[in-house]
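In what follows, a single structure is set out as structure tokens and then discussed.
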Amino acid sequence: MSISEISHRFRTLSTSEEKKIVLKTSDGDTFEVDESVALQSQTIAHLIEDDCAKNEVPLPNVTSQILVKVLEYCQRHVGDGGVLTEEEIADLKKWDAEFVNTDQSTIFEMILASNYLNVKSLLDLLCQTIADQIAACGSAEEIREKFQIENDFTPEEEEAVRRENQWSFE
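The opening position of the sequence shown corresponds to residue 99 in this note's numbering, with each subsequent residue numbered one higher.
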């Protein structure tokens with residue numbers, strides 16, 4: 099996704115007359131966002147509270163592409179702390195399911211960003227997505243294949259581990 103596409107997509111996230119916060123990504127792009135959206139990040143909230151960010155909040159561990167996704171999530175979840183109707187909850191769950199329906203690389207990058215930015219609800223959603231993907235696998239080999247994890251055990255070592263932990267395979 100090009101920077102112009104990212105910027106265009108992001109402009110739709112900041113439409114109110116609310117106070118704005120400027121965020122600067124690791125790749126040098128700046129984003130002006132509504133304060134209510136930015137403050138969903140505890141990291142950003144603390145930087146602002148401690149007066150560490152005069153003109154802009156530097157985010158050295160987050161790229162523009164991933165910040166757009168994180169901000170999209172935060173925008174959608176502004177005000178979640180209030181009382182939601184069953185229909186609103188169902189809509190939000192549907193939106194969340196579509197949001198995490200992306201490639202693994204993006205999910206892992208969003209996990210790193212949401213952890214760094216301390217957006218707990220997003221981190222929980224993404225980690226649950228990975229946990230669900232692991233649970234859907236039928237074997238350790240399937241998990242390794244899905245997540246491109248190399249098996250560094252020899253067949254003998256793997257058998258020894260299985261014997262030691264036989265109770266977990268029952």
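Even for Gly, the Cβ is constructed at its ideal location relative to N, Cα and C.
Sub-9 Å separation of residue i and residue j beta-carbons
i	j	result
L121	F129	yes
S212	N159	no
F197	Y214	no
I119	V131	yes
I232	F251	no
Q140	V259	no
N249	E257	no
Opposing strand residues paired with residue i [DSSP bridges]
i	result
K122	T128 and P156
Closest residue to residue i among the options (Cα-Cα distance)
i	options	result
H203	R260, I228, E254 and K117	It is Ser, not His, that sits at residue 203 in the sequence shown. The candidate whose alpha carbon is nearest that of S203 is I228.
K167	S266, N199 and E154	N199
A195	L220, V176, I232 and A258	L220
V155	H144, E248 and V176	H144
W193	V181, H175, L210 and I209	H175
Q173	E184, P253 and E133	E133
P253	I209, E239 and W265	E239
S266	S237, E243, N249 and L182	S237
Expected contact under 8 Å - CB spacing of residue i and residue j to nearest Å
i	j	result
L165	L157	7 Å
D127	S162	4 Å
The ligand ATP heavy atom lying under 8 Å from the CB of residue i
i	result
A188	The ligand ATP is absent from the structure shown, which contains no ligand whatsoever.
*Answer yes if the segment 190 to 206 comes into contact with the segment 223 to 239, meaning at least three C-beta pairs across the two stretches below 8 Å, and no otherwise.*
yes
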